[in-house]
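Just so we're aligned, residue -9 is where the sequence shown starts under my numbering, counting upward by one.
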Amino acid sequence: MTTQTNTQAAEQRADLSDSRFHKAIRCEPVDATPIWLMRQAGRYMIEYRTLREKYTILELIKTPELACEVTLQPINAFDLDAAIIFADILPPLEGMGLGLEFIKGEGPVLHNPIRTAGDVERMTVPTPEEALHFTLDAIRLARNALDSRGIPLIGFSGAPFTLAAYAVEGGSSRNHEKVKGLMMGEPEVWHRLMEKLAEVVGHYLRAQAEAGAHVLQLFDSWVGALSPDDYRRYVQPYSRRAIEIARGAGVPIIHFGTDTAGFLEDIRDAGGDVIGVDWRLDLAAAWGRLGTNVAVQGNLDPIALMAPWPELEKRARYVLDQAKGRSGHIFNLGHGILPSTPVDNVKRLVEFVHEYTHQ
């Protein structure tokens, strides 16, 4: 990206550099801990379920006006410090030539999974403008609605490994036998697959920032299935490559993974301004390993949101007390909100995080 293009992209984003969300990313003091929640737009809200009675999930994602509407639903309901564009991590694979379908009771299914060198070679590497224009348009619409409120917008993508896991398995998997089998048994095919995915992911993230996203998040939801050595050898170079491409847009990047306690430092070294931490590792211990100059996001167990309020409050306080008011903490869950989460618990949690850390 040229300097001129970088400047134009920056001008498309409202200047929210003084928001508490951006200050926390830069590890600067804030008036209260910022909070947003992964999957904050989704099935736990009646407004979303009402739309899903009329539209499939792919129709919602691929209709910019509807994706924008869903993005704004939690912003209208709660005092959150950031919005995240409503999308899914799998449409980039559809753009590469895989047939994607969401089946009720089964989840996402890819009808022509990647299993051979020939399958990898047939995968195309389209531009985001060609294959994912609907999400870029949704970002532009959401920005129009959010700018007047001073709320930053997050764009996101699945990381190369997580996309590879879906592409090779053909959907969700408990043990990731096929994807790990390809990685271990045919490393040349694996590296070619990951090269393509890194390019698609990196350019998709960058395009989202150019469309107006203030912050980007790389989701590596399944990377915890790997050993530390396998992560370093087979995955880290491609996450790093995707982040390097995305960084050309000049916006902060959150790098999130689950079950990564065994190689948290390697996640940090792959890149990102903020490192996501799940509930399997105490926040204080994670921060001690990452370094106090690194911003951290997390790390309440999503199940805690279903507990009675006194228990939820106790667990939220435990997370916040580990931060001890230190700059650079963004409160979030260790993964996404679950569909049966009570809406009132979400509202009370957001209010509690702000009030407790403002004292």
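Every residue, glycine too, gets a C-beta built ideally from N, C-alpha and C.
The structure displayed is predicted, hence computed values, not measured ones.
Just to confirm, are residue 145 and residue 72 a CB contact at a threshold of 8 Å?
Their beta carbons are not under 8 Å apart, which means residue 145 does not touch residue 72 by this criterion.
Take residue 15 and list the residues in its own chain whose beta-carbon comes closer than 6 Å to its own, dropping the five residues that flank it on each side.
Result list for residue 15: 242, 263, 264, 285, in chain order.
Below 7 Å CB to CB, which residues in the same chain sit around residue 172 once its five sequence neighbours on both sides are set aside?
Cβ within range, chain order: 158, 179, 180.
Tell me the residue span of the alpha helix (DSSP H) that contains residue 169.
Unbroken alpha helix (DSSP H) run through residue 169: 167 to 175.
Just verifying my parser: in three-state terms, what is the DSSP assignment at residue 137?
If DSSP states are grouped into helix, strand and coil, residue 137 belongs with the helices.
Suppose you measure from the CA of residue 50 to the CA of residue 92; what does that come to, to the nearest Å?
Those two C-alpha atoms are separated by around 12 Å.
Could you give the first and the last residue of the continuous beta strand (DSSP E) run that contains residue 143?
Per DSSP, residue 143 belongs to the beta strand (DSSP E) from 143 to 148.
Going along the chain, which residues of its own chain have a beta-carbon closer than 8 Å to the beta-carbon of residue 110, five neighbours each way excluded?
So the qualifying residues of the chain are 104, 179, 182, 183, 186.
Which class does residue 246 belong to by DSSP, given the choice of helix, strand or coil?
In this structure, residue 246 counts as strand in the three-state DSSP scheme.
To the nearest angstrom, how far is it from the Cα of residue 326 to the Cα of residue 314?
Using only the alpha carbons, I get a separation of about 24 Å.
Between the stretch 53 to 70 and the stretch 30 to 43, do at least 3 Cβ pairs fall closer than 8 Å?
Enough Cβ pairs lie closer than 8 Å, so yes.
Distance, Cα to Cα, residue 259 vs residue 44?
Those two C-alpha atoms are separated by around 44 Å.
Roughly how many angstroms lie between the CA atoms of residue -9 and residue 294, to the nearest whole one?
Any reading at residue -9 must be qualified, since the residue scores a pLDDT of 38, below 50, and its modelled position is unreliable; the value itself is stated next. Approximately 43 Å, taken between the alpha carbons.
With H, G and I counted as helix, E and B as strand and the rest as coil, what does DSSP make of residue 287?
DSSP places residue 287 in strand when its eight states are reduced to three.
From residue 108 to residue 132, what does the alpha carbon distance come to, in whole angstroms?
If I take the Cα positions, the gap works out to 40 Å.
Measure the Cβ-Cβ separation of residue 191 and residue 149 and say whether it is below 8 Å.
Taking 8 Å as the Cβ cut-off, residue 191 and residue 149 qualify as a contacting pair.
Compute the distance between the beta-carbons of residue 365 and residue 323, then report whether it is under 8 Å.
As shown, the chain starts at -9 and ends at 349. That puts residue 365 outside it, with no answer to give.
Exposed or buried, which one is residue 9 when buried takes at least 16 other CB atoms within 10 Å?
With 16 or more Cβ atoms within 10 Å of its Cβ, residue 9 is classed as buried.
Quick one: residues in its chain with C-beta nearer than 8 Å to the C-beta of residue 255, no 5 flanking neighbours on either side, listed in chain order?
If we look at residue 255 and ignore the five residues flanking it on each side, its Cβ neighbours are 279, 280.
As a quick exercise: from 329, 238, 213, pick the residue whose alpha carbon is nearest that of residue 226.
The option with the nearest alpha carbon to residue 226 is 213.
Can you round the beta-carbon distance between residue 89 and residue 162 to whole angstroms, since I take them to be within the 8 Å contact cut?
About 16 Å; that fails the 8 Å criterion.
In this structure, how does DSSP classify residue 121 when only helix, strand and coil are distinguished?
Helix, per DSSP.
Taking residue 257 and residue 250 to be in contact with their CB atoms under 8 Å, please state how far apart those CB atoms are, rounded to whole angstroms.
Right, the Cβ-Cβ distance comes to about 5 Å (below 8 Å), so this counts as a contact.
Taking the continuous alpha helix (DSSP H) assigned at residue 47, which residues delimit it?
Its alpha helix (DSSP H) spans residues 47 to 52.
Looking only at its chain, what residues have a beta carbon closer than 8 Å to the beta carbon of residue 234, apart from the 5 residues adjacent to it on each side?
Excluding positions up to five away in sequence, the list reads 192, 261.
Is residue 293 helix, strand or coil by DSSP?
Note: residue 293 maps to helix in three-state DSSP.
Closest by CA to residue 99, which one among 219, 155, 130?
Among 219, 155, 130, the Cα nearest to that of residue 99 is on 155.
Compare the Cα-Cα distances from residue 361 to each of 115, 4, 299, 275 and report the closest residue.
With the chain covering -9 to 349 only, the question about residue 361 has no answer from this structure.
Using only alpha-carbon positions, find the residue among 220, 299, 272, 67 that is nearest to residue 287.
Nearest C-alpha to residue 287: 272.
Have a look at 197, 336, 124, 136 and flag the residue whose alpha-carbon is nearest the alpha-carbon of residue 54.
Measuring from the Cα of residue 54, the nearest candidate turns out to be 124.
CA-CA distance, residue 137 and residue 4?
The alpha-carbon atoms of residue 137 and residue 4 are separated by roughly 6 Å.
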